[in-house]
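J.: Here's a structure for you.
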Amino acid sequence: EAQVTQNPRYLITVTGKKLTVTCSQNMNHEYMSWYRQDPGLGLRQIYYSMNVEVTDKGDVPEGYKVSRKEKRNFPLILESPSPNQTSLYFCASSRGQGYTFGSGTRLTVV
Amino acid sequence: GQQLNQSPQSMFIQEGEDVSMNCTSSSIFNTWLWYKQEPGEGPVLLIALYKAGELTSNGRLTAQFGITRKDSFLNISASIPSDVGIYFCAGLGRLGGSEKLVFGKGTKLTVNP
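This is the structure:
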């Protein structure tokens, strides 16, 4: 089944403790992206990647890092999480114009 | 960052009623997409529109790509309880030198049986 898989689905962590949210797609898509979803603000793009080893900032990149060492994986890294990064995160991938989203990661930073 | 103006923000309707929502932008887009998000899940693509003026249906859903390429609407006919969710429009276009997918803030739909 074609899908985007994120892990974990839920995570509660403490301020300053580094964490990684993984994202993997099995559709051989070149393009991958991370979004955060907050009430009243919709989906905002954090980082995106046009292909392996090519990443670029989205609209809200501060406090996040990404890497794209392989086509299928696009992990989101929070080196020092803060409470304002509490949010619902989605990974998406695309080859052309239709984006496929993962099921989301709900992150709480206390 | 660029966002689309999506309206209404929320709708409360009775089962069987028709629904209409729309998105507008000051920017031109090459593609308009409509997504539905159910609680605890990621957005799922409903309809994709690729040409100005295009009208596309998917079951009880109909969407149109505005002739100016700056707007789109989604209609749902004869709503049913499982239509409940948040509907997002998204525009794909060249913004700031790169191709970007920009989302509206969503329309939350509640259907009363």
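Line by line, the protein sequences give chains A and B.
For what it's worth, our numbering labels the leading residue of the first sequence as 1, then goes sequentially.
For what it's worth, our numbering labels the leading residue of the second sequence as 111, then goes sequentially.
The C-beta atom is built at its ideal place from N, Cα and C for all residues, glycine as well.
Since the structure is predicted, the reported quantities are computational estimates derived from the model, not experimental observations.
Does chain B have any CB closer than 8 Å to the CB of A/Ser103?
T.: So, interface residue.
J.: Among A/Val110, A/Lys69, A/Leu88, A/Thr108, which one has its Cα closest to the Cα of A/Met32?
T.: Cα-wise, what sits closest to A/Met32 is A/Lys69.
J.: Excluding the 5 residues preceding and the 5 following B/Ser187 in the sequence, name in chain order all residues of the same chain whose CB lies nearer than 7 Å to its CB.
T.: Taken in chain order, the residues that qualify are Asp128, Arg170.
J.: Would DSSP call A/Gln140 helix, strand or coil?
T.: The first residue shown for chain A is 1 and the last is 110, placing residue 140 of chain A beyond what the model contains.
J.: Using the C-alpha atoms, what's the distance from A/His29 back to A/Arg72?
T.: Spanning the two alpha carbons is a distance of roughly 7 Å.
J.: Could you tell me the alpha carbon to alpha carbon distance between B/Gly150 and A/Ser24, rounded to whole angstroms?
T.: Cα to Cα, the separation comes out at about 19 Å.
J.: Which residue comes first and which comes last in the beta strand (DSSP E) that contains B/Lys218?
T.: 217-222 is the span of the beta strand (DSSP E), which, as asked, contains B/Lys218.
J.: Taking the alpha-carbon positions, what's the A/Cys91 to A/Gln45 distance?
T.: Those two C-alpha atoms are separated by around 10 Å.
J.: Counting contacts by CB-CB distance shorter than 8 Å, is B/Pro153 in contact with chain A?
T.: Chain A, which has a Cβ nearer than 8 Å to the Cβ of B/Pro153, makes this yes.
J.: Just checking: is the beta-carbon of A/Leu107 within a distance shorter than 8 Å of some beta-carbon in chain B?
T.: Not one chain B Cβ lies under 8 Å of A/Leu107.
J.: In whole angstroms, give me the CA-to-CA distance for A/Thr5 and A/Thr22.
T.: Taking the straight line from one Cα to the other gives about 8 Å.
J.: What residues of chain B sit near A/Tyr99, judged by a beta carbon separation below 9 Å?
T.: In chain order: Leu143, Tyr145, Pro153, Leu155, Ala200, Leu202, Leu211.
J.: If I'm right that B/Ile224 touches B/Val221 with Cβ under 8 Å, what's the distance once you round it to whole angstroms?
T.: Outside the displayed span of chain B (111 to 223) sits residue 224 of chain B, for which this structure offers no information.
J.: Would you say B/Lys218 reaches chain A, if we count a Cβ-Cβ gap shorter than 8 Å as a contact?
T.: No, B/Lys218 lies away from the interface with chain A (no Cβ there is under 8 Å from its Cβ).
J.: Given a threshold of 16 other Cβ atoms within 10 Å of its Cβ, counted over all protein chains shown, does B/Met131 qualify as buried or as exposed?
T.: Buried, by the Cβ-count rule.
J.: Using 8 Å as the limit for Cβ to Cβ distance, is A/Gly42 near chain B?
T.: Closer than 8 Å: yes.
J.: Could you please give the first and the last residue of the uninterrupted beta strand (DSSP E) stretch that includes B/Asp181?
T.: Counting along the chain, the beta strand (DSSP E) containing B/Asp181 begins and ends at 181-186.
J.: Could you say if the segment 197-214 of chain B and the segment 131-143 of chain B meet the contact criterion of at least three C-beta pairs nearer than 8 Å?
T.: Contact holds: three or more Cβ-Cβ distances are below 8 Å.
J.: To be precise: take each residue of the segment 79-95 of chain A, compare its Cβ to all Cβ atoms of chain B, and keep it if any distance is under 7 Å. Which residues remain?
T.: From the segment 79-95 of chain A, only Phe90 have a Cβ closer than 7 Å to chain B.
J.: Residues of chain A with CB closer than 7 Å to the CB of B/Gly214, please, in chain order.
T.: Here the neighbours are Gly42.
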